[in-house]
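Written out below as structure tokens is the structure these notes cover.
2 protein chains.
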Amino acid sequence: MRWQDIDQQVCAIARTLSIVGDRWTLLIVRDAFLGTRRFADFQRQLDISRHRLADRLEKLVTAGVMERRPYQERPVRHAYHLTQMGIELYPVMLSLARWGNDWLDDGSGPPVEYVHRACGKIMQAELHCSECEAPLNPHDVIPIIGPGLRTALARRGGTGEAENRLPPTLREELLAERRKDLQGG
Amino acid sequence: MRWQDIDQQVCAIARTLSIVGDRWTLLIVRDAFLGTRRFADFQRQLDISRHRLADRLEKLVTAGVMERRPYQERPVRHAYHLTQMGIELYPVMLSLARWGNDWLDDGSGPPVEYVHRACGKIMQAELHCSECEAPLNPHDVIPIIGPGLRTALARRGGTGEAENRLPPTLREELLAERRKDLQGG
DNA sequence: ATCATTACGTTCCATAATGGAACTAACCTA
DNA sequence: TAGGTTAGTTCCATTATGGAACGTAATGAT
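So the protein sequences, as listed, match chains A and B. The first sequence begins at -7 in the working numbering and counts up one residue at a time. The second sequence begins at -7 in the working numbering and counts up one residue at a time.
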């Protein structure tokens, strides 16, 4: 499978990466979160080639993650702003940042820290369960087949082709294992 | 700047992406979370070229995200397991999955859902503040300069070179803005 | 003993993505 | 009129990737 076809997979992670999984793309989003808006500023701060930057911004705009807003006429100049879709990538960004701080520190501490405006403290981003609010432990999160995958399963006939586009979650033995986990645990 | 040099940036996100920001890498990690361990299984499920897969697994092992464990002698066969470092990528994976579910649904619902073993309910991963436990809103998280960046700033002489490796967070006007946010809000 | 199969790679090469520098376009300032 | 600013585009050499074939070390079938 070619990378450009991964959005064909029936998998939310693959679909997400088909948009933001390219080189530079998440760094552009990072800078957008930090306030960068203009082409030249992205280019200077990332030290990316103008070529690549134009290409990535175009893709982000097409995907709906960013939007071009004119900030002056004569000549028309556009700024790139995160849309709501883009802003909602912040859990991804905070999670990436936290992992980098936890595992790739060169000994001098976090380059950037985050203050929670509500409580005023320097914080870490923690995952919690939306239902019981408890902090999440990786071993307590059990993936199960969802409606999107069920639909895809029902659709696949003998084509064999579609089967290749399903994520490994599909595998019967794994699903059985998960169900046992759920019942037994 | 070349992509291979982004780990030189004094930025946790850039450092993280220097390890997991390559094509395929996060999909390999995804499959590892779902229980895939062997070379041939990764290859089949991802439909990636053997070449690329060998390369990515090697990089993940070198970085410490995965480890090779022999599962049989004669001939020696290795399985690839997530290390603790790899397991702690789960907030990244869950955040990517949630964004894909929220924004890239084709109308048939989430391909995969997650059950929280502790409360038994289908859940969403939510970011909370580690200090006050409240759910995080993107506008309530204020990035400020941290010790790692302060050190890097102190180190840079007139080299100019090092300056290019600092993230845009460095920019004085932006930091001033953040400080105002903190005091005024 | 010979042949097929499994598992895990590596090699080779055509194609696609990237980086760097130069070029264009539309305006502004001195 | 010369040079500066901003946002791109074009061109081309260098890298990365995908696909298929090949290599190796074993097991199992005939």
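Using N, Cα and C, we set each Cβ at its ideal position, and we do this for glycine too. Being a predicted model, the structure only gives us computed values, none of them experimental.
Distance between D98/B and A24/A, taken at the CA atoms: about 27 Å. Annotation for I114/A: E105, V107 place their beta carbon closer than 6 Å to its own, counting only its chain and skipping 5 residues before and after. In the structure shown, E50/A adopts helical secondary structure according to DSSP, grouped into three states. For the region 124 to 145 of chain A, residues whose beta-carbon sits nearer than 9 Å to a beta-carbon of chain B comprise C124, E125, A126, P127, L128, N129, P130, H131, D132, V133, I134, P135, I136, I137, G138, P139, G140, L141, R142, T143, A144.
The C-beta of R61/B has fewer than 16 other C-beta atoms within 10 Å across all chains shown, which makes the residue exposed. Residue contact check for Q116/A against chain B: a CB pair falls below 9 Å. Considering only L141/A, R(-6)/A, L86/A, R36/A, the residue with the shortest C-alpha distance to N93/B is L141/A. Distances from the alpha-carbon of S10/A to those of T17/A, W16/A, I(-2)/A put I(-2)/A closest. In the structure shown, the three-state DSSP call for A110/B is coil.
For a cut-off of 8 Å, the C-beta gap from I5/B to L88/A is around 5 Å, short enough to register as a contact. Interface residue (Cβ-Cβ distance to chain A less than 9 Å): Y63/B is not classified as such. Residues of the region 68 to 94 of chain B whose Cβ lies closer than 8 Å to any Cβ of chain A, in chain order: M77, I79, E80, L81, Y82, P83, V84, M85, L86, S87, L88, A89, R90, W91, G92, N93, D94.
The DSSP-derived three-state label of M115/B is strand. Nearest Cα to H43/A within the set T8/A, V21/A, W16/A: W16/A. Counting along the chain, V84/A sits inside the alpha helix (DSSP H) bounded by residues 82 to 95. Around the beta carbon of Q64/B, fewer than 16 other beta carbons lie within 10 angstroms, which makes this residue exposed. P67/B is classed as exposed because its beta carbon has fewer than 16 other beta carbons within 10 Å across all chains shown.
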